[in-house]
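To start, the structure under review is shown below, and the notes come after it.
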Amino acid sequence: MPTTSARLARAWLPTLLIALPILTACTRARPPATAIPIPVSARSDSAMQLDEPERGDRLRSPVTLVGTARLEPGQILVGQVLARVDGELRWRGNAALDVDANGRFNGRVPYTLETAGPGSVELLVTDAPSGSVIARLQVPVELAATP
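Sequential numbering of the sequence shown, starting at 302, is according to the numbering used here.
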């Protein structure tokens, strides 16, 4: 005589054989995730302009970012510091920047870095609800080491 678990398995087998194809057919195929390149400009973009720092400036933490930005409702301006480590730019610090009614901003972005070297300062206009980057501006700089 079959055990209780064997009887249960036989009882559920037809249900599983019917339900599995139905459940599989209900799932939607998702396209593979692909990176969307975001253009990087040197000093200005239609949405923003960076007045300070300038290309090649030697900076210490916190970095002061000065410029103008034109934001739509629901957008925020983020400043970030990237350091070149092993040939790649790596994130070292960021901060949301306040933009006044005239479109001016003057904010500070702290960063940490063990060894001085090349890096970049970036401005990002992001869509607050989704977090997606709408515009990016990057300026190459030299970064001082900080604890």
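Glycine included, each C-beta is placed from N, C-alpha and C at the ideal position. Computed from a predicted structure; not experimentally measured.
Count Cβ pairs between the segment 351-361 and the segment 386-400 that sit closer than 8 Å; are there 3 or more? no
With burial defined as no fewer than 16 other Cβ atoms inside 10 Å of the residue's Cβ, what is the status of Ala402: buried or exposed? On the sequence shown, residue 402 is found 101 positions in, with the first residue counted as 1. Exposed, since its Cβ has fewer than 16 Cβ neighbours within 10 Å.
Length of the line joining the Cα atoms of Ile435 and Ala446: Your numbering for residue 435 matches position 134 in the sequence shown. Your numbering for residue 446 matches position 145 in the sequence shown. The straight-line gap from Cα to Cα measures roughly 31 Å.
Taking only beta-carbon atoms, is Met349 less than 9 Å away from chain C? Structure shown: chain C not included; a single protein chain is present.
Would you mind working out which of Gly388, Pro448 and Thr427 sits nearest Gln381, comparing C-alpha positions? As a first step, residue 381 must be located in the sequence shown, where it is residue number 80. That would be Thr427, whose Cα lies nearest to the Cα of Gln381.
Here's the rule I'm using: 16 or more other beta-carbon atoms within 10 Å means buried, otherwise exposed. How should Glu263 be labelled? The structure shown does not extend to residue 263, since the chain spans only 302 to 448, so no value can be given for it.
Coarse secondary structure for Thr413, derived from DSSP in three states: As a first step, residue 413 must be located in the sequence shown, where it is residue number 112. Thr413 falls in the coil class under three-state DSSP.
Which residues in the same chain as Gly408 place their Cβ atom closer than 7 Å to its Cβ, once the five residues preceding and following it in sequence are excluded? As a working note, residue 408 is residue 107 in the sequence shown. If you ignore the 5 residues before and after Gly408, its C-beta comes within less than 7 Å of the C-beta of Leu366, Gly380, Ala396, Leu398 and Asp399, all in its own chain and listed in chain order.
Secondary structure of Ile337, DSSP reduced to three states: The residue given as residue 337 occupies position 36 in the sequence shown. Residue placement at Ile337 is flagged as unreliable, the pLDDT there being 36, under the threshold of 50; the coordinate-derived value follows with that caveat. Coil.
Could you tell me the alpha carbon to alpha carbon distance between Leu383 and Leu351, rounded to whole angstroms? Within the sequence shown, numbered from 1, the residue matching residue 383 stands at position 82. Within the sequence shown, numbered from 1, the residue matching residue 351 stands at position 50. Roughly 16 Å between the two C-alpha positions.
Return the Cβ separation of Ala417 and Leu390 in integer angstroms, given the expectation that the two are a contact with Cβ distance under 8 Å. What you label residue 417 is simply residue 116 of the sequence shown in a count that begins at 1. What you label residue 390 is simply residue 89 of the sequence shown in a count that begins at 1. 15 Å between Cβ atoms; not a contact.
One question on the structure: do Gly368 and Met349 come within less than 9 Å of each other, judged by their Cβ atoms? Taking the first residue of the sequence shown as 1, we reach residue 368 at position 67. Taking the first residue of the sequence shown as 1, we reach residue 349 at position 48. Taking 9 Å as the Cβ cut-off, Gly368 and Met349 qualify as a contacting pair.
Note down the Cα distance separating Gln439 from Val410, rounded to an integer number of angstroms. On the sequence shown, position 138 is the one that residue 439 refers to. On the sequence shown, position 109 is the one that residue 410 refers to. Near 14 Å, if we compare the C-alpha coordinates of Val410 and Gln439.
Residue of Arg356, Gly357, Phe406 and Asp387 minimising C-alpha distance to Leu425: Locating residue 425 in the sequence shown gives position 124, counting from the first residue. The option with the nearest alpha carbon to Leu425 is Phe406.
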